[in-house]
Amino acid sequence: MKPGFVNTVRNLNQESMQWTKKGERPPKKFKVQKSASKLMATIFWDSEGVLLIDYLPKGTTMNGQYYANLLAQAREAVVQKPRGKLSRGVLFLQDNASVHTARVSR
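Mapping the sequence shown onto UniProt numbering, position 76 (from 1) lands on 76, and the numbers just tick up by one.
Written out as structure tokens, the structure is:
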């Protein structure tokens, strides 16, 4: 242990251990507040703006069937674009998450 330093332990909790100089008070800890619930948004967009925003309902899991329905909605949003905008085709990029590779969403 370095001379002049004291290991301060509060509430015998490993998380509360802090190195401080002798006679110095440790920094004040802030109270932990419960955060707002999480929200998952899926957004489809093109070079001109947002095509579709979908918010996953609370308590629902993103699964293959939900994702397949979402892709159908996105396809409809793309089809609604003026015909000239689709003449070069559509590129779609997604990762290899299990819902993206499920048979039902192919």
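Quick reminder that beta carbons are idealized off the backbone N, C-alpha and C, glycines included.
Which residues in the same chain have their Cβ closer than 7 Å to the Cβ of residue i, if we skip the five residues on either side of it in sequence?
i, result
"Leu-39", "Tyr-55"
"Leu-51", "Phe-44, Trp-45, Ala-74, Ala-77 and Val-78"
"Val-90", "Val-78"
Which of the three DSSP states, helix, strand or coil, is assigned to residue i?
i, result
"Thr-60", "coil"
"Leu-91", "coil"
"Ala-77", "helix"
"Val-32", "coil"
"Ala-102", "coil"
When you compare only the Cα positions, how much space is there between residue i and residue j?
i, j, result
"Asn-96", "Ala-36", "29 Å"
"His-100", "Gln-65", "10 Å"
"Asn-63", "Leu-93", "18 Å"
"Leu-70", "Pro-27", "48 Å"
"Gly-49", "Arg-106", "25 Å"
"Thr-61", "Thr-42", "13 Å"
"Gln-80", "Gly-59", "31 Å"
"Pro-82", "Ala-72", "18 Å"
"Ser-47", "Gln-33", "39 Å"
For a cutoff of 8 Å on Cβ pairs, would you count residue i as touching chain B?
i, result
"Asp-46", "In the displayed structure, chain B is absent; only one protein chain is listed."
What does a CB cutoff of less than 6 Å around residue i pick up in its chain, not counting 5 residues either side in sequence?
i, result
"Ala-102", "Gly-64"
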